[in-house]
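Take the sequence shown: its letters are residues 0 to 385, numbered as in numbering that gives the first Met the number 0.
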Amino acid sequence: MNDEQDDQGVSRRRALQVGSAFGAASLAGCLGMFGDDEGTTIPSISEFRGSGSLVDGRPAPGGTSIEELPDLSGDLALYIGGGEGGIYYEFVEMLQEIYPEFEVYPTDNNSASLAQTIVEEAGSGASQADVFWSIDASSLGFVAENDAYEPLSDEAVGAVGNSQFVGDDNAWAGVAGRARAVPYNTNQLSESDIPNTVQDFPDTSAFQDAMGWAPTYGAFKSFVTAMRLLRGDDETRNWLRSMQDAGTERYSNEYAVSQAVANGSQSAGFANHYYAMRVKNKRPDAPIDLAFTEGDAGALINVAGALKVKGTKRGDLVDDFVRHLLSSEAQEFFATISFAYPMIAGVEPVGGLPTIDELSPPDIDLADLANIEPTLELMDDAGVSG
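Here it is as structure tokens:
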């Protein structure tokens, strides 16, 4: 995004807009149920929506409703990544309540381990999964690169609004996005203090002994991998060392980074966008806001996504399942429960965040984030082991 766009009112930073009704009860159940033409009982959109100050007053979502999609029927073996996958699986349970003839058999583990298992099973001709739901594109890319997938249908991926979030040959479809961001304390910094690129942070006096990061976190490793792809190993290694020399504080996860920023322990940090949103949703008056860098690794948008596993006998059901993950109800659920970025047009991100189209992510193939081993070696060499 350039300065001209900023002058036209589309800022690279948006205040976390909150209402005054923090703690209000969820709207779930208030509007009852509705049925599709075949008699399937589908909850109203409020049943799929979270609650809290960042959610109150949202407009009805656009996109394709579940009621417009084919019914789900049959058994589906799902490999689902841990972490955020626990929130995502809540939506799967809702689908099973909507469709009594639909049964999901989940296997959960971290996404990287599941990806390795899928590749090994495909190589032996003994695939156990029908669909892989990973919390990051790197694991999807690993499966695709090892030819352990079958293409999703055009109908399954058609709702995704940005081609960057669909794998080559329809190998996978993004269903929920997360943007790298810079949470900062508004009592200590203003938005004009935040550099446009992460490369400028080590030399900016405001961030000496005032930053937090979580190098053990998978999202941070993807961020460093993106920097390697864009800037090369030497520059990335030097950046890590420079940030460490600047006194950047280490935290166990990026929610802790965002909490430290809100509490004033740190002036700013590096984290996925939704952690600041979760802090703000619980503490509407917390002095925390988000900044987004431009065109660099700090502006990376990664996705959770779904892939059809090679050898499945339920390919049509997988396609219809993915279409449900990209329905207006699912996207509203992911946006208001986990505060993820929606993947379809017509569903807004929460809290006044800029839309994906208003951000400036780097031009990289998300599948390339699968090449993690050089990143781990580089981080270790830089003294920032993950």
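Where a beta carbon is used, it is the ideal one built from N, C-alpha and C, also for glycine. Just so it is clear, the structure is predicted and the values come from calculations on it, not from any experiment.
Starting from residue i, follow its DSSP beta bridges and name the residues at the other end.
| i | result |
| --- | --- |
| D288 | Y183 |
| M210 | A267 |
| R177 | N301 |
| L151 | Per DSSP, none; premise fails for L151. |
| R249 | W212 |
Helix, strand or coil: how does DSSP classify residue i here?
| i | result |
| --- | --- |
| F131 | strand |
| N237 | helix |
| N145 | coil |
| L352 | coil |
| D107 | strand |
| T224 | helix |
| V260 | helix |
| E83 | coil |
| V100 | The residue asked about is misnamed: residue 100 is Glu in this sequence, not Val. The answer is coil: DSSP assigns E100 none of H, G, I, E or B. |
| A334 | helix |
| K279 | helix |
| E372 | helix |
| L139 | helix |
| L306 | strand |
| I117 | helix |
| V165 | strand |
| I44 | helix |
| I343 | coil |
| D367 | helix |
| D74 | strand |
| A170 | coil |
| L358 | coil |
| D202 | coil |
| E293 | coil |
| V91 | helix |
| D55 | coil |
Could you check the C-alpha separation between residue i and residue j for me, to the nearest Å?
| i | j | result |
| --- | --- | --- |
| Y216 | A136 | 15 Å |
| G73 | E376 | 44 Å |
| G345 | S326 | 11 Å |
| L442 | E46 | Limits of the chain in this structure are 0 at one end and 385 at the other, which puts residue 442 out of reach. |
| D70 | Y78 | 21 Å |
| T40 | Q95 | 12 Å |
| Y87 | V383 | 31 Å |
| G31 | I193 | Confidence in G31 is poor, its pLDDT being 39 and thus under 50, which makes the residue's placement unreliable; the coordinate value appears in the next sentence. Roughly 46 Å separates the two Cα atoms. |
| L151 | G350 | 32 Å |
| E144 | S337 | 29 Å |
| L324 | Q330 | 7 Å |
| G173 | P341 | 9 Å |
| F219 | S126 | 31 Å |
| I134 | A369 | 13 Å |
| D153 | L113 | 25 Å |
| A261 | A285 | 6 Å |
| L365 | N301 | 7 Å |
| S221 | I65 | 33 Å |
| V197 | T292 | 7 Å |
| T374 | Q115 | 18 Å |
| N398 | D367 | As shown, the chain starts at 0 and ends at 385. That puts residue 398 outside it, with no answer to give. |
| L289 | F141 | 31 Å |
| A234 | D199 | For clarity, residue 234 is Glu in the given sequence; the question names Ala instead. Whole-angstrom Cα-Cα distance: 12 Å. |
| V91 | L188 | 41 Å |
| S138 | F131 | 10 Å |
| L53 | Y273 | 12 Å |
| E190 | A245 | 21 Å |
| A209 | A381 | 20 Å |
| V287 | E149 | Contrary to the premise, residue 287 reads as Ile rather than Val in this sequence. If I take the Cα positions, the gap works out to 43 Å. |
| R236 | A259 | 26 Å |
With residue i and residue j assumed to form a contact (beta carbons below 8 Å), what rounded beta-carbon distance in angstroms separates them?
| i | j | result |
| --- | --- | --- |
| N169 | V159 | In fact, because the Cβ distance is near 10 Å, the residues do not count as touching under 8 Å. |
| G361 | A213 | This sequence places Pro at residue 361; Gly is not what is there. The Cβ separation is near 21 Å, so there is no contact. |
| A305 | G176 | Not quite, the Cβ-Cβ distance comes to about 13 Å (not below 8 Å), so this is no contact. |
| S257 | V223 | The pair is not a contact, with the Cβ atoms about 19 Å apart (cut-off 8 Å). |
| A180 | A275 | 7 Å |
| L68 | D129 | Incorrect: roughly 18 Å between the Cβ atoms, too far for contact. |
| A147 | V103 | Their Cβ separation, rounded to whole angstroms, is 20 Å, which puts A147 and V103 out of contact at 8 Å. |
| R48 | E347 | Not really, about 12 Å apart at Cβ, beyond 8 Å. |
For this session: May I ask you to verify whether the stretch 311–318 touches the stretch 159–177, counting CB pairs closer than 8 Å and requiring at least 3?
Result: By the Cβ rule, the stretch 311–318 does not count as touching the stretch 159–177, because fewer than three pairs are nearer than 8 Å.
Problem set entry | the stretch 295–303 in contact with the stretch 201–213 per 3-pair CB rule at 8 Å | Cβ pair count under 8 Å is below three, so no.
For this session: Examine the Cβ distances between the stretch 229–247 and the stretch 300–314 and report whether three or more of them are shorter than 8 Å.
Result: A contact is defined here as three or more CB-CB pairs under 8 Å, and the stretch 229–247 fails this definition with respect to the stretch 300–314.
Exercise. Touching or not, the stretch 116–125 and the stretch 348–358, by the rule of three or more beta carbon pairs under 8 Å?
Worked result: A contact between stretches requires three or more CB pairs, one per stretch, nearer than 8 Å, and the stretch 116–125 fails this requirement with the stretch 348–358.
For this session: Would you check if the stretch 88–99 and the stretch 176–193 touch, i.e. whether three or more CB-CB distances between them fall below 8 Å?
Result: Below 8 Å, too few C-beta pairs join the stretch 176–193 and the stretch 88–99 to call them touching: fewer than three.
Exercise. At a cut of 8 Å, does the stretch 248–255 reach the stretch 268–283 through at least three beta carbon pairs?
Worked result: Using a Cβ-Cβ distance cut-off of 8 Å, the stretch 248–255 and the stretch 268–283 are in contact, since at least three pairs of beta carbons, one from each stretch, lie closer than that value.
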